[in-house]
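**Student:**
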Amino acid sequence: MLDQSYYDKADEIIACHTREEHSLIPIIQDIQTAFRYLPPELLTYVAKEIGITEAKAFSVASFYENFSFEPKGKYVIKVCDGTACHVRKSVPILERILSELGLSGEQRTTPDMLFTVETVSCLGACGLAPVVTVNDEVHPSMTPAAATELLKKLREEAANEN
Amino acid sequence: MGFITIDGRKVKFTDEPNILSIIRREGIDLPTLCYHSELSVYGACRLCTVEDNRGRTFASCSEQPRDGMVIYTNTPRLMKYRKMIVQLLLAAHDRDCTTCIKNGDCTLQALARRLGVLDVPFENRKTSYPVDFSSPAIVRNPNKCILCGDCVRVCDNVQNVNAIDFAYRGTEAMVTPAFQKTLAETDCVNCGQCRAVCPTGAISIHTNKTPVWAALNDPNTKVVAQIAPAVRIALGDSLGIPHGENVMGKLVAALHRMGFDEVYDTTVGADLTIMEESREFLERLESGEKLPLFTSCCPGWVTYCENRHPELVQNISTCRSPMQMLGAVIREYFKDPEKNEGKKLVSVAIMPCTAKKGEILRPESRTDGIQDVDYVLTTTELANMIQTAGLKFDLLEAESCDMPFGIGSGAGVIFGNTGGVMEAVLRRLAQTSKRAEIDVIRQSGVRGDGECKELTFDYHGRTVRAAVVNGLRNAEELIQKIESGEETFDIVEVMACRRGCIMGGGQPLGAGPRTKAARAKGLYDADNDIQIKKSDDNPIVTNLYQTLLKGKEHKLLHRNFGEQ
């Protein structure tokens, strides 16, 4: 069961849009921005609130890779593996990040909910290749060593916040 | 309006919505997997692709006819394409045809045979999904799905339920309830219309044949069947009898041969329903409360109303459905040790409907804690059981239903058509049983396969407004009008399936416009053959009220929605 505060936030977001079928995507985008993921319960809730069926809402939300039903870490690290980044050796960067975080296979979020690692096909910043973004902040011309350094910095930042 | 040339023949067109319907009208059965005239045009399967005189190819289902068009339906190129489409579909398909529930009844299989597909030159890359047996009515097997979307559209466009939809994308695309839940966890009303349009074995009936066979072969059971009106005019479809023909006599004979001890007619239950529902209606009309009265025969509609319009549940008649009424009466009757001969009663209902499988499991479908009807077999399952038993159906000599529940009125038998329940109510409320009066009712506008029919009639000087609606989306539209105050009615008949039970989700597949019309006519013909036109003229019903039902009318014939 999701905490009531989630539903309150959803209500707040829905109030910024019209209660119509075509508001579905903007609403769930805002929800994903607020919680860094799209809680399935909220998708069902939004569907009901704007008068569409749950199956239809799921059809839309599952179509787009961008929507995630799984909770994501505090830092979402996107490693670009588009053509330009790939030829400039993005794979070793990804491997370094995954091994530093102890992630492998299907598991892409650290158990402490600090990091989520994703690969993307192109961030549109090919001139800066290879590129990594952390919560939409761009880190250009990365190397495995720079990635280790970056993770260290992020960990410190998180520790200081606590 | 104009002319187009199809394969060198010039043909006229008027208001056909697309080229495909002209081609089919001209006797060419262009194959399709995603086209149904009552659904929105989807254009996904591409099997109906035709070629014009400029060498362009396009899907004929989604192209409007234009005067002077020249169309070819069978060029070498088209034949190659069509075969390739089927091969590609089969490449990602569970091809265990011999052990598939749709074996022999499958559009994809028939198409592969028709187009001469003898090999599939692609690797089978289908991932394996679990089969969903959660619903008592329907089995969903995603491994056999070809993503034609027919079920999605019928569930949404026609039934307004939308329990299933497409999800994910590309090679991972599938048809599923939200979050891959099971069907039982959705708003599915069990109507089975998805199964009726599914061209493969992806959606099928949740069968109960095995326990019925077991009961039939158990010497310590008394197996009793009741047959719904709409079964008799559709069963023949699967057994080589002309479509729409009433095969009740042969059907009873087949059941006797298979070992059913007693075979009754659900029409008796329909007559009881009319007696109770008419009385309830007059009471409500008198008091002015809980109007309009909605009929309660259709479990698909009842479930839909509970899910979407809980505020209207109190307006639904408290009458049990005909199947449940007769089921309760049968169980009461066989309580007598002389009648049951010390054996355990197994009550089987043969129905055109998948939702009935869910209805028997509902809490209010029990009397004194005992489930009234043990199993529901659909027309399709029964046809298969007759084949399993090796009975040559066309050679069987007709037999009649067993007494004391073997005679129904004409009013009861037309229950299977949309408008049938309303017509039966009108007959019950009529002053006399005279032929002239029955004829007037017949022509009052209650008949026909219209989506929503409205009629008014006079009852003791009071004008009564009635509506007959079929298809749940049509019902939804009517409810919106009622709730907004745009329209007022006193009584509303709702059937979840378009055209009523004759097109129920458990009926034989592949019914086109002619079969639909033949089935409706078949039931009205059956009515014509019966001397008793009104439920209250049925001596069995009158007798039941004086004997078995005395003091137990409410217990055996009514239910209380929402109280369980």
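The listed protein sequences derive, respectively, from chains W and X. Mapping of the first sequence onto this note's numbering: residues 130 to 291, in sequence order. Mapping of the second sequence onto this note's numbering: residues 1158 to 1721, in sequence order. Backbone N, C-alpha and C fix where the C-beta goes; we use that ideal spot for every residue, glycine too.
Consult DSSP for X:Val1626 and reduce its assignment to one of helix, strand or coil.
**Tutor:** Strand, per DSSP.
**Student:** How big is the Cα-Cα spacing for X:Gln1721 and X:Arg1523?
**Tutor:** Low per-residue confidence applies at X:Gln1721: pLDDT is 39, beneath 50, and the placement is therefore not dependable, though the value from the model is reported in the following sentence. Computed Cα separation, rounded: 11 Å.
**Student:** Does DSSP put W:Phe192 in a helix, a strand or coil?
**Tutor:** The answer is helix: DSSP assigns W:Phe192 an H, G or I state.
**Student:** Say whether chain W places a C-beta atom closer than 7 Å to the C-beta of X:Ala1410.
**Tutor:** No - not a single Cβ of chain W is within 7 Å of the one on X:Ala1410.
**Student:** Per DSSP, which residues does X:Glu1498 bridge with? Please list them.
**Tutor:** Looking at the DSSP assignment, X:Glu1498 forms no beta bridge with any residue, so it has no partner.
**Student:** Starting from the beta carbon of W:Ser191, find every residue of chain X whose beta carbon is closer than 7 Å, and list them in chain order.
**Tutor:** Under the 7 Å cutoff, chain X gives Ala1324, Tyr1325.
**Student:** Could you give the first and the last residue of the continuous alpha helix (DSSP H) run that contains X:Ser1178?
**Tutor:** It spans 1176-1182 - the alpha helix (DSSP H) in which X:Ser1178 sits, taken as one unbroken run.
**Student:** Residues bridged to X:Tyr1229 by DSSP?
**Tutor:** According to DSSP, X:Tyr1229 bridges with X:Glu1208.
**Student:** Using the Cα positions of X:Lys1496 and X:Cys1658, report the straight-line distance between them to the nearest angstrom.
**Tutor:** Computed Cα separation, rounded: 32 Å.
**Student:** For X:Gly1445, is the classification buried or exposed, using 16 other Cβ atoms within 10 angstroms of its Cβ as the cut-off for buried?
**Tutor:** X:Gly1445 is exposed by the Cβ-count criterion.
**Student:** Any C-beta of chain W sitting closer than 7 Å to the C-beta of X:Ile1321?
**Tutor:** So, interface residue.
**Student:** Give the interface partners of W:Ser188 over in chain B, defined as CB-CB distance under 7 Å, in chain order.
**Tutor:** Of the protein chains in this structure, namely W and X, none is chain B.
**Student:** Buried or exposed: which applies to W:Cys145, given that a residue is buried once 16 or more other Cβ atoms fall within 10 Å of its Cβ?
**Tutor:** Result: exposed.
**Student:** For a contact meaning CB atoms closer than 7 Å, what does W:Ala139 contact in chain X?
**Tutor:** Here the premise fails: no neighbours, minimum Cβ distance about 17 Å.
**Student:** Give the straight-line distance between the Cα atoms of X:Gly1719 and X:Leu1448, rounded to the nearest whole angstrom.
**Tutor:** Low confidence applies to X:Gly1719: its pLDDT is 44, below 50, so where it sits in the model is not reliable, and the reading given next is rough at best. X:Gly1719 and X:Leu1448: Cα-Cα distance of roughly 18 Å.
**Student:** Given a cut-off of 7 Å, decide if X:Asp1596 and X:Val1621 are closer than it, judged by their beta-carbon atoms.
**Tutor:** No, the Cβ-Cβ distance between X:Val1621 and X:Asp1596 is not below 7 Å.
**Student:** Using the C-alpha atoms, what's the distance from X:Gly1565 back to X:Asp1559?
**Tutor:** Roughly 12 Å separates the two Cα atoms.
**Student:** Of the choices X:Pro1334, X:Thr1672, X:Leu1246, X:Pro1561, whose alpha-carbon is the least far from that of X:Val1288?
**Tutor:** Comparing Cα-Cα distances from X:Val1288 to each of X:Pro1334, X:Thr1672, X:Leu1246, X:Pro1561, the minimum goes to X:Pro1334.
**Student:** How big is the Cα-Cα spacing for X:Phe1438 and X:Arg1585?
**Tutor:** Answer to the nearest angstrom: the Cα atoms are 11 Å apart.
**Student:** Can you list the alpha helix (DSSP H) stretches of 4 or more residues lying completely in the stretch 1654-1685 of chain X, in chain order?
**Tutor:** As far as the stretch 1654-1685 of chain X is concerned, its whole alpha helix (DSSP H) runs of at least 4 residues are 1670-1685.
**Student:** So is W:Thr182 in contact with chain X if we call contact Cβ pairs under 7 Å?
**Tutor:** Yes, W:Thr182 counts as interfacial toward chain X.
**Student:** What residues from chain X crowd round W:Pro169, counting only those whose CB sits closer than 9 Å?
**Tutor:** Those are Ala1335, Phe1336, listed as they occur along chain X.
**Student:** List, in order along the chain, the chain X residues whose C-beta lies closer than 9 Å to that of W:Lys185?
**Tutor:** What W:Lys185 touches in chain X: Asp1313, Asn1319, Asp1322, Ala1335.
**Student:** Grab me the residues of X:Asn1695's own chain with a C-beta within less than 8 Å of its C-beta, minus the 5 sequence neighbours each way, in chain order.
**Tutor:** Excluding sequence neighbours, X:Asn1695 sits near Val1425, Asp1428, Ile1564, Gly1565, Ser1566, Gly1569, Ile1689.
**Student:** DSSP three-state call for W:Val263: helix, strand or coil?
**Tutor:** If DSSP states are grouped into helix, strand and coil, W:Val263 belongs with the strands.
**Student:** Can you tell me whether X:Ala1506 is buried or exposed? The criterion is at least 16 other CB atoms within 10 Å of its CB, across all chains shown.
**Tutor:** Buried.
**Student:** How would you call X:Ser1217, buried or exposed, if buried means at least 16 neighbouring beta carbons within 10 angstroms?
**Tutor:** Classification for X:Ser1217: buried.
**Student:** Buried or exposed for X:Val1651, please, with buried defined as at least 16 other CB atoms from any protein chain shown within 10 angstroms of its CB.
**Tutor:** Answer is buried; the Cβ neighbour count reaches 16.
**Student:** Is the beta carbon of X:Glu1643 less than 7 Å from the beta carbon of X:Ala1624?
**Tutor:** Contact: no.
**Student:** Less than 7 Å between the C-beta atoms of X:Leu1190 and X:Thr1230, yes or no?
**Tutor:** Cβ distance not < 7 Å, so X:Leu1190 and X:Thr1230 don't count as in contact.
**Student:** Is the beta carbon of X:Ile1384 less than 7 Å from the beta carbon of X:Thr1535?
**Tutor:** No, these two residues do not count as a Cβ contact at 7 Å.
**Student:** Which residues does DSSP pair with W:Phe244 in a beta bridge?
**Tutor:** For W:Phe244, which the question treats as bridged, DSSP gives the partners W:Tyr204.
**Student:** Looking only at its chain, what residues have a beta carbon closer than 8 Å to the beta carbon of X:Arg1630, apart from the 5 residues adjacent to it on each side?
**Tutor:** So the list reads Asn1314, Val1315, Gln1316, Asn1317, once near-sequence residues are dropped.
**Student:** To the nearest angstrom, report how far apart W:Lys218 and W:Pro259 are at their CA atoms.
**Tutor:** So the alpha carbons of these two residues sit roughly 7 Å apart.
**Student:** Using a Cβ-Cβ cut-off of 6 Å (strictly less than) and excluding sequence neighbours within five positions of X:Trp1458, which residues of its own chain qualify?
**Tutor:** Cβ neighbours of X:Trp1458 beyond the five flanking positions: Val1651, Ala1653.
**Student:** At which residues does the alpha helix (DSSP H) containing X:Gly1426 begin and terminate?
**Tutor:** Residues 1423-1444.
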